[in-house]
Amino acid sequence: MDDDRMRYFNGTGWLAIFTGTETMIGRTVHVDAWDEATGVALVVDPKRGTRRPVTDYPDFSHLEQADQVTAAIPGGGWRAYWKDEGPDNGPLTEQVLAWLITSKGRATPITVDAHGHVDDAESADRIIPPGEE
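Each number in the working numbering comes from the position in the sequence shown (counting from 1) with 239 added on.
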């Protein structure tokens, strides 16, 4: 879920914000865990293949709270509808694959398109209940 639109969801409920360096652009990284001894946030370093404290990075700026997903439930026949996101700016309807439930009780519909791409449907013009056309 590193997609920009879905970056505010993660398992720990926190994001690390980095300002960037001469060789790396600014970025937002999911906090993967917390160091038990120091309490420092840890992020995955894909180059080293390990977790590293955010304080190891010279461009670490701050942490931001994210929505912590506590459950996912099936879509249950709900559909997301956009009036002008389909072919030729026409209507588009996609099945709700699941609902992500956050620790704050918020439910976000997650859709899957005809190509199997998964995304959130927060920008939908309407969420259609099961059985309604």
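For each residue, glycine too, the CB sits at the ideal point set by N, CA and C.
Cβ-Cβ separation, V357 to M331 (assumed contact under 8 angstroms), whole Å: Checking the displayed sequence, the identity of residue 331 turns out to be Leu instead of Met. Incorrect: roughly 15 angstroms between the Cβ atoms, too far for contact.
Inspect the beta-carbon positions of A363 and W321 and report whether they are closer than 8 angstroms. Result yes, Cβ atoms of A363 and W321 sit closer than 8 angstroms.
Same chain, Cβ closer than 7 angstroms to D274, neighbours up to 5 away in sequence not counted: The residues are L281 and P292.
Check for me: the beta strand (DSSP E) holding E333 runs from which residue to which? Counting along the chain, the beta strand (DSSP E) containing E333 begins and ends at L331 to T341.
Return the first residue and the last residue of the beta strand (DSSP E) that E303 is part of. Counting along the chain, the beta strand (DSSP E) containing E303 begins and ends at F299 to Q304.
Assign T260 to one of three DSSP states: helix, strand, or coil. T260: coil per DSSP, three-state reduction.
Can you tell me which of Q307, D298 and P369 puts its alpha carbon nearest to the alpha carbon of D271? That would be Q307, whose Cα lies nearest to the Cα of D271.
Quick check on P368: does DSSP put it in helix, strand or coil? P368 falls in the coil class under three-state DSSP.
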